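In the numbering used here, each residue carries its 1-based index in the sequence shown increased by 285. Following: one structure in structure tokens, then a few remarks.
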Amino acid sequence: IRKTHFDLICQHIRPEQIISLRLSDDKDTPGLSELFFSRFQIQQFMHLRSLKLIEIEYESMDSIFSYLHQLKQLRSFSFNVDSIRQKYPTRNDSYLNMFDQMNLILSNTHLRVLPQITYLYLHNGNVLHSIPLPDLYHLKLDKCSLDDLKTIFKNAPEIQSLNICLKLETPNLDISSISSPPLTKLNLKITNSPVSMNEMESFLLNLPYLKHLKLELEGDNDLANGHRWQMLTGDFITFAFKFHVEVGSVNETLQSFRTLFWLKEKR
């Protein structure tokens, strides 16, 4: 977008009328957020309900996050802090000081803003510890540990939709010790550690309200057992999967997915 065109657009913007805002400093629009905040202050968007930040420059961090708590109507928030770290690869004292300051700003913002959010996308689930999330319904995380997941289920009692890449620190997919959340939709990816069919059965049986499931997993031969998945997902509305396994008998494995359930009901 040309600056003259951008200036013309800004002249017609009434911040109090905006309910959704998307700011991007990616390769197509570098420096856009800094230019935007030379015209506006984030707290002017008093009725903003949705904010999506894409590859935001560090220079705009303070302009956004120091005042975000003033937006009492905000319900949807999307931000990947790792995209900022990737823009500043040089590891020197200036870099470290910059990210210490950034982490402090983000920590304060998370505590003050996230409890009011209903839809949330973040890079890492470890920032959600000790933050109550009473109104959170939809959550997407690029990185999440099993401890993070247990904390989320505890702190977000109303969560209904979850999209995560789970990083297992130990080969044990156990959430049986926590109360079952009202989760109806799960998009789960686990690629750093193999999981067994027994673990997946135990995991999913602890989610009794689940109706929509999408999986990408690595595991042993038993993971590609169509008969067991039919028993486990028979009541689901949607089920999509991608398994990376070493099978002993290809024909036997494929045959387990050639029942009427897979060919007719779930095709």
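The beta-carbon is built from N, C-alpha and C at its ideal position, and this holds for glycine as well. Quick caveat, the model's predicted, so the values are computed rather than measured.
Nearest-angstrom beta carbon gap, residue j and residue i [assumed within contact, 8 Å]
| i | j | result |
| --- | --- | --- |
| Thr568 | Leu353 | This structure does not reach residue 568, given that the chain is present from 286 up to 552, and the question cannot be answered. |
| Ile522 | Lys496 | 5 Å |
| Leu421 | Thr403 | 6 Å |
| Ser335 | Ser361 | 4 Å |
| Pro417 | Glu443 | Actually they are not in contact, since the Cβ atoms of Pro417 and Glu443 sit about 11 Å apart, beyond 8 Å. |
| Asn506 | Val530 | 6 Å |
| Leu333 | Ile294 | Actually they are not in contact, since the Cβ atoms of Leu333 and Ile294 sit about 17 Å apart, beyond 8 Å. |
| Asn510 | Ser465 | Actually they do not touch by this definition, with Cβ atoms about 24 Å apart. |
| Glu484 | Leu458 | 4 Å |
Beta-bridge pairing of residue i - partner residues as DSSP gives them
| i | result |
| --- | --- |
| Lys527 | Glu501 |
| Asn409 | Lys428 |
| Leu293 | According to DSSP, which records beta bridges pairwise, Leu293 is partnered with nothing at all. |
| Lys357 | Answer is none; Lys357 lacks a bridge partner. |
| Ser309 | Ile339 |
Backbone CA spacing between residue i and residue j [nearest angstrom]
| i | j | result |
| --- | --- | --- |
| Ile327 | Arg397 | 16 Å |
| Asp546 | Asn411 | According to the sequence shown, residue 546 is Phe rather than Asp. When rounded, the distance between both Cα atoms is 39 Å. |
| Gly519 | Leu306 | 40 Å |
| Lys499 | Thr469 | 12 Å |
| His512 | Ile349 | 51 Å |
| Asp427 | Leu453 | 13 Å |
| Asn382 | Asp347 | 14 Å |
| Asp432 | Tyr343 | 29 Å |
| Ile341 | Ser478 | 32 Å |
| Asn472 | Glu503 | 15 Å |
| Leu359 | Asn440 | 19 Å |
| Leu517 | Thr544 | 15 Å |
| Gln386 | Pro493 | 42 Å |
| His423 | Gly533 | 39 Å |
| Asn409 | Phe364 | 10 Å |
| Leu338 | Leu308 | 5 Å |
| Asp256 | Ala525 | Since the first residue shown for the chain is 286 and the last is 552, residue 256 is missing from the structure and cannot be characterised. |
| Gln515 | Val480 | 18 Å |
| Leu356 | Met331 | 5 Å |
| Ser392 | Gln371 | 19 Å |
| Ser379 | Glu537 | 59 Å |
| Pro300 | Gly316 | 20 Å |
| Pro250 | Ser368 | In this structure the chain extends from 286 to 552, so residue 250 is not present and cannot be described. |
| Leu434 | Pro419 | 15 Å |
| Ser323 | Gln329 | 13 Å |
| Asn388 | Ser415 | 16 Å |
| Thr455 | Ile390 | 32 Å |
| Phe325 | His290 | 16 Å |
Boundaries (first-last residue) of the beta strand (DSSP E) holding residue i
| i | result |
| --- | --- |
| Ile304 | Taken as a continuous stretch (DSSP letters only), Ile304 belongs to no beta strand (DSSP E), as it is neither H nor E. |
| Ser348 | Per DSSP, Ser348 belongs to no beta strand (DSSP E); it is in the alpha helix (DSSP H), Met346 to Phe350. |
| Ser363 | Ser361 to Phe364 |
Range covered by the alpha helix (DSSP H) that runs through residue i
| i | result |
| --- | --- |
| Leu517 | Gly511 to Thr518 |
| Ser335 | Looking at the DSSP string, Ser335 is not in any alpha helix (DSSP H); the run it does join, the beta strand (DSSP E), is Ser335 to Ile339. |
| Glu550 | Neither: Glu550 is in no alpha helix (DSSP H) and is coded neither H nor E. |
| Asn536 | Val535 to Gln540 |
| Phe321 | Leu317 to Phe321 |
Proximity test, residue i beta-carbon vs the ligand HEM heavy atom, cut-off 6 Å
| i | result |
| --- | --- |
| Pro300 | Absence of the ligand HEM from the depicted structure is noted, as is the absence of any ligand whatsoever, leaving it without description. |
Checklist entry - Which ranges does the alpha helix (DSSP H) cover as unbroken runs of at least 4 residues, wholly within the stretch 416-503, from first to last along the chain? => result Counting only runs of 4+ residues, the alpha helix (DSSP H) found wholly inside the stretch 416-503 occupies 431-440 and 482-490, in chain order.
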